[in-house]
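This report refers to the structure that appears directly beneath it.
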Amino acid sequence: MTTNPSEESTGKERIGVYVCHCGTNIAGIVDVEDVAVWAGKELKDRGVVVARDYKFMCSSLGQELIEKDIQEEGLTRVVVAACSPHLHENTFRTACGRGGLNPYLCELVSIREQVSWVHTDRKAATEKSKAMLSGGVERVIFNEPLEPLHVPIHPATLVVGGGIAGIQAALEIADGGFPVYMVEREPSIGGHMSQFDKTFPTLDCAACILTPRMVSVGGHPNITLLTYSEVVKVEGYVGNFTVTIRKKARCVNQELCTGCGICQEKCPKKVIDDIYEAGLGYRKAVYTPFPQAVPKYPVIDKPNCTYFQKGTCKACQKFCPTNAIDFEQEDEYITVQVGNIILATGYDLFDPRRVTQYGYGRLANVFTSLEFERLTNAAGPTNGNIVLRDGVTTPQTVGIIHCVGSRDRNFNNYCSVICCMQSLKFAHLVHERTGATVYNFYIDMRTAYKEYDEFYQRVLEEGTLFVRGKVAEVTDAARKPGEEGKLIVQVEDTLAGKQRRIPVDMVVLSAAMQPRSDAKEVAHLFGISCSASGWYIEKHPKLDPVATMTEGVFIAGCDQGPKDIPTSVAQGAAAAARVLGRIQQGEIALEPVRATVDQEKCSGCRICNNLCPFNAILFHEDRMVTEVNPALCQGCGTCVAACPAGAISGTVFSNEQIFAQIEGLLRVNFEHERVAELA
Amino acid sequence: MSENFEPVIIGFTCNWCSYRAADLAGTARVKYPPNVRLIRLMCSGRLDPTFVFKALAEGADGVLITGCHPGECHYLEQNYKALRRFLLMRRTLAGLGVEPERVKLVWASAAEGVRLANEIAILVEEVRALGPLNWPKWVSGDGHSMVPIPEAEEVPA
């Protein structure tokens with residue numbers, strides 16, 4: 000331990016210490032006045048010349064307090080003991096800047112998140128606050144005046160996911176006059192919304208409101224649409240990402256194809272459509288998922304194509320009037336430069352097979368909500384007729400089970416938000432189209448938001464029967480006359496206080512929304528994080544719902560959590576607004592956390608050379624020294640920690656700062672112990 | 000060892016995951032013992048082993064190192080480097096006569112406030128069971144032992 004900060008710096012700096020009450024948030028547990036008085040007295044020899052406590056440091060009056068002290072007391076360093084730096088670091092740095100002090104000479108000590116909110120003992124909390132404050136004071140002595148890094152923002156944006164949230168985001172940005180790359184995994188954009196028939200609560204036809212938007216995306220001069228494509232690599236940082244995208248081989252030449260659909264007609268191979276038709280219908284081996292698909296060009300599904308599997312057929316090629324079929328086409332990798340990224344990757348439906356007692360996959364007439372959507376869709380496999388699995392029989396009674404895989408400790412704790420309204424919509428559609436008796440089995444009805452509860456009242460008046468209780472079992476084992484050949488829903492009716500067995504012809508499971516099965520990998524690809532449930536984490540749950548912790552990466556729609564169409568659209572627009580603001584500004588200021596090599600000290604051992612995942616470290620063979628490229632350095636500090644000669648230093652988190660903080664953090668403890676020893 | 004020994008633990012947290020987990024524990028009002036004092040780093044990869052030795056030498060009884068789960072590092076793979084250093088550090092500590100259990104590595108994502116709080120509570124109890132380290136009392140400021148080394152006894156030939 001060669002550095003001994005305590006001797007080098009005593010009394011050099013004039014430090015101001017500010018302890019925030021945060022109303023009672025901090026003051027309720029920590030004796031803030033005592034902390035401030037203690038700092039003024041005990042840390043005087045460390046350079047503290049002002050120590051104050053104040054009700055709300057982040058208020059304009061609190062900030063003015065700091066500004067005034069900088070000017071009148073000639074402060075050269077500021078330490079604020081308040082909330083997490085992730086919340087108000089910027090506020091206090093800016094205040095210091097206004098007072099004429101370099102913003103980076105300010106240090107925030109988190110005595111709210113790390114003390115008052117997590118501890119209950121007043122004495123221990125006050126002691127810990129003192130220790131943390133002492134750590135902050137020692138550290139700030141070694142803070143250096145810095146300038147933020149200004150990074151230009153590339154005007155293009157990448158939107159990942161072509162569902163309604165992604166479409167909205169892309170259109171907002173493109174209409175604002177900036178280029179957008181939209182990447183969609185499936186052959187067409189549209190997402191889950193394109194599978195629906197009606198949307199609650201207004202019962203608008205989903206296709207009628209969605210397809211014009213899809214067409215706008217497809218034809219927009221500012222949007223480059225890359226369907227049947229996936230992002231494989233993301234490099235760089237906010238303002239300047241380099242994104243590699245794999246365009247899967249469509250085997251259809253988009254220059255020549257007119258989208259006439261003859262290939263689909265002539266293709267002899269029928270395949271069960273697991274994705275768009277939810278397994279209820281068929282498509283061909285060469286297909287567009289649905290008639291209004293954007294783009295209109297089909298794709299050849301290689302694993303199912305007779306030519307690719309057996310080497311003969313080529314029916315599509317023979318009949319194609321423009322010779323657009325190209326069996327030789329290969330995957331193409333393209334690289335694009337973008338300044339910002341919006342992730343709108345959507346959700347997966349919970350697999351109800353996991354709730355074995357509901358019999359999905361075992362009992363033919365148990366359907367998932369997505370299957371039912373396809374049954375009701377006029378363009379679906381049954382032309383909108385609600386029929387049983389045999390394809391002809393209209394059900395006389397239908398049971399709709401809410402909360403399948405959600406609000407259930409065995410699967411997902413969260414509420415899947417849309418299922419109540421979706422189940423009400425189903426009930427209405429069954430009434431309207433078949434006149435069947437409908438039972439809704441619910442735990443709680445959750446019909447918040449505009450016009451939703453009115454829709455619930457309407458469905459109640461239509462005569463749908465509501466049974467409050469979690470369904471125990473769906474079975475085909477008849478016990479009583481009248482149950483033969485039916486599905487029996489066994490449920491405790493908690494309002495009537497009795498067990499009921501209700502025979503029905505059809506059961507619809509309102510399955511939960513789940514994070515995409517590859518959400519974690521995608522999160523890792525873009526450098527963002529997932530919550531415990533697997534949804535992407537927003538920067539702030541209330542105040543910053545579409546940004547992420549990673550600068551330049553935004554989220555919208557159901558990848559952030561279950562939500563309905565209006566909210567997804569709102570989020571798409573919100574993310575676009577954030578991106579547009581960035582592009583208009585032209586540049587962004589970043590934390591100047593970077594590593595630099597003192598070439599005088601570098602011995603050329605090259606230990607650091609292999610540690611950097613961003614290739615920011617260069618080795619000069621001629622001079623046998625290493626250099627860090629500040630444009631590529633991300634500031635993790637791994638090389639700083641590895642350098643045996645101590646030649647690499649990292650700004651904002653230098654060795655001196657951290658050693659000093661350790662000393663400061665432990666000093667309080669020591670005094671305490673010594674006093675105890677003497678006693 | 001005194002009955003009411005309260006260990007002091009220095010924790011190193013990653014700006015992207017565990018520091019945010021600590022923030023989350025705060026916002027969710029999850030309680031944990033006040034014995035831990037956290038230091039924010041940009042990444043667990045920034046953890047210079049000397050930070051740990053410095054903390055122990057300055058009077059800490061234990062050190063908690065936290066970072067993103069393997070495969071989830073904000074800087075792609077630097078937490079693996081922290082893991083390597085941690086394993087070496089434990090061996091070095093054992094060589095220095097310090098129980099390696101005083102230094103613990105915990106992976107905690109930004110969503111795992113409860114987990115971080117639990118791990119802190121566990122480490123506090125583990126270190127409490129080990130007793131005070133009292134390293135600073137063995138070692139003087141210039142790094143020399145303060146405990147006199149007994150002179151070698153003369154051994155008859």
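Protein chains in written order, with numbering that gives the first Met the number 0: chain A, 0 to 678; chain B, 0 to 156.
Even glycine gets a Cβ: it sits at the ideal position worked out from N, Cα and C.
Please read all numbers here as calculations on a predicted model, not as lab measurements.
For residue 288 of chain A and residue 146 of chain A, which I take to be in contact (beta-carbon distance under 8 Å), what is that distance rounded to the nearest angstrom? Residue 288 of chain A to residue 146 of chain A, Cβ: 52 Å. No contact.
What residues in its chain sit with their C-beta under 8 Å from that of residue 1 of chain B, if we drop five residues either side in the sequence? Residue placement at residue 1 of chain B cannot be trusted, given a pLDDT of 49 that sits under 50; the coordinates are not used to answer.
Looking at C-alpha atoms only, which residue of B:17, B:110 and B:37 is the closest neighbour of residue 10 of chain B? Ranking the options by Cα distance to residue 10 of chain B, first place goes to B:37.
Unbroken beta strand (DSSP E) runs of length 3 or more, entirely within the region 429-489 of chain A: which are they? 436-441, 464-467 and 470-474, all fully within the region 429-489 of chain A.
Using only alpha-carbon positions, find the residue among A:149, A:122 and A:187 that is nearest to residue 590 of chain A. Ranking the options by Cα distance to residue 590 of chain A, first place goes to A:149.
Check residue 37 of chain A in the structure and name its three-state DSSP category. Helix at residue 37 of chain A.
Write down every uninterrupted run of the beta strand (DSSP E) in the region 93-179 of chain A whose length is 3 residues or greater and which is fully enclosed by it, in chain order. The DSSP assignment places 105-109, 148-151 and 156-159 as complete runs of the beta strand (DSSP E) inside the region 93-179 of chain A, in order along the chain (cut-off: 3 residues).
Quick check on residue 134 of chain B: does DSSP put it in helix, strand or coil? Assignment of residue 134 of chain B by DSSP, reduced to helix, strand and coil, places it in the helix class.
My output table needs one value for residue 644 of chain A: the three-state DSSP class, helix, strand or coil. In the three-state reduction of the DSSP assignment, residue 644 of chain A falls in the coil class.
Within 10 Å of its beta-carbon, does residue 678 of chain A have 16 or more other beta-carbons around it, so buried, or fewer, so exposed? Confidence at residue 678 of chain A is low in this model, with a pLDDT of 46, below 50, so its placement is unreliable and no value can be given for it.
Does DSSP put residue 533 of chain A in a helix, in a strand, or in coil? Looking at residue 533 of chain A - three-state DSSP - the assignment turns out to be coil, as it is neither helix nor strand.
Run through DSSP, which three-state label would residue 1 of chain A get? Any reading at residue 1 of chain A needs caution, since the residue's pLDDT is 35, under 50, leaving its predicted position unreliable; the model's value is listed next. Annotated three-state conformation of residue 1 of chain A is coil, per DSSP.
Quick one: grab the DSSP three-state call for residue 25 of chain B. DSSP, reduced to helix, strand and coil, places residue 25 of chain B within a helical segment of the structure shown.
Got a sec, what are the start and stop residues for the beta strand (DSSP E) residue 34 of chain B sits in? Where residue 34 of chain B is concerned, there is no enclosing beta strand (DSSP E), given that its DSSP letter is neither H nor E.
With distance defined between alpha-carbon atoms, name the residue in A:424, A:390, A:442 and A:210 nearest to residue 406 of chain A. With distances taken between CA atoms, residue 406 of chain A lies nearest to A:442 out of A:424, A:390, A:442 and A:210.
Top-ranked residue by Cα proximity to residue 83 of chain A, from B:57, B:121 and B:18: For residue 83 of chain A, the nearest C-alpha among the options comes from B:18.
Just reading off the beta strand (DSSP E) that residue 52 of chain A is part of, what are its end residues? 47-53 is the span of the beta strand (DSSP E), which, as asked, contains residue 52 of chain A.
Of the residues A:632, A:65, A:315 and A:81, the one placed nearest residue 25 of chain A, counting alpha carbons only: Minimum Cα distance to residue 25 of chain A is reached at A:81.
Within-7 Å CB hit, residue 57 of chain B to chain A: Chain A places a beta carbon closer than 7 Å to that of residue 57 of chain B, counting this residue as a contact.
Taking any Cβ of chain B, which residues in the region 590-622 of chain A have a Cβ under 8 Å from it, in chain order? Against chain B - using a Cβ distance shorter than 8 Å - the residues of the region 590-622 of chain A are 592, 610, 612 and 613.
When the cut-off is 7 Å and only beta carbons count, does residue 103 of chain B lie next to chain A? Residue 103 of chain B has a beta carbon lying at 7 Å or more from every beta carbon in chain A.
Taking only three categories from DSSP, how would you classify residue 499 of chain A? The answer is strand: DSSP assigns residue 499 of chain A an E or B state.
Tell me whether residue 339 of chain A sits in a helix, a strand or coil according to DSSP, three-state version. The answer is strand: DSSP assigns residue 339 of chain A an E or B state.
Coarse secondary structure for residue 48 of chain B, derived from DSSP in three states: For residue 48 of chain B, the three-state secondary structure derived from DSSP is helix.
Any idea what DSSP makes of residue 22 of chain A, helix, strand or coil? In this structure, residue 22 of chain A counts as coil in the three-state DSSP scheme.
Same chain, Cβ closer than 8 Å to residue 386 of chain A, neighbours up to 5 away in sequence not counted: Around residue 386 of chain A: 374, 392, 393 and 394.
Of the residues that make up the region 98-127 of chain B, which ones have a beta carbon closer than 8 Å to any beta carbon in chain A? Near chain A, meaning a CB-to-CB distance below 8 Å, the residues of the region 98-127 of chain B are 108, 109, 110, 111 and 116.
Hey, would you say residue 42 of chain B sits closer than 7 Å to residue 74 of chain B, going by beta carbons? Residue 42 of chain B is a Cβ neighbour of residue 74 of chain B, given a cutoff of 7 Å.
Thinking just about the alpha-carbon of each residue, which of A:89, A:192, A:14 and A:174 is nearest to the one in residue 68 of chain A? From the listed residues A:89, A:192, A:14 and A:174, the smallest Cα separation to residue 68 of chain A is found for A:14.
Where does residue 598 of chain A sit, in a helix, a strand or coil, going by DSSP? In this structure, residue 598 of chain A counts as coil in the three-state DSSP scheme.
For the beta strand (DSSP E) containing residue 283 of chain A, list its first residue and its last residue. Unbroken beta strand (DSSP E) run through residue 283 of chain A: 280-283.
Could one say the Cβ of residue 83 of chain B lies closer than 7 Å to chain A's Cβ atoms, at least one of them? Residue 83 of chain B does not count as touching chain A.
Let me see if you follow: with CB-CB separation under 7 Å, is residue 127 of chain A close to chain E or not? The structure shown has no chain E; the protein chains it does contain are A and B.
Whose C-alpha, out of A:159, A:109 and A:339, is nearest the C-alpha of residue 130 of chain A? A:109 is the residue among A:159, A:109 and A:339 whose C-alpha sits nearest the C-alpha of residue 130 of chain A.
Simplified DSSP state of residue 306 of chain A, which is helix, strand or coil: When DSSP states are grouped into helix, strand and coil, residue 306 of chain A belongs to the helix group.
Quick check on residue 271 of chain A: buried or exposed, where buried means 16 or more other Cβ atoms within 10 Å of its Cβ? Residue 271 of chain A is exposed by the Cβ-count criterion.
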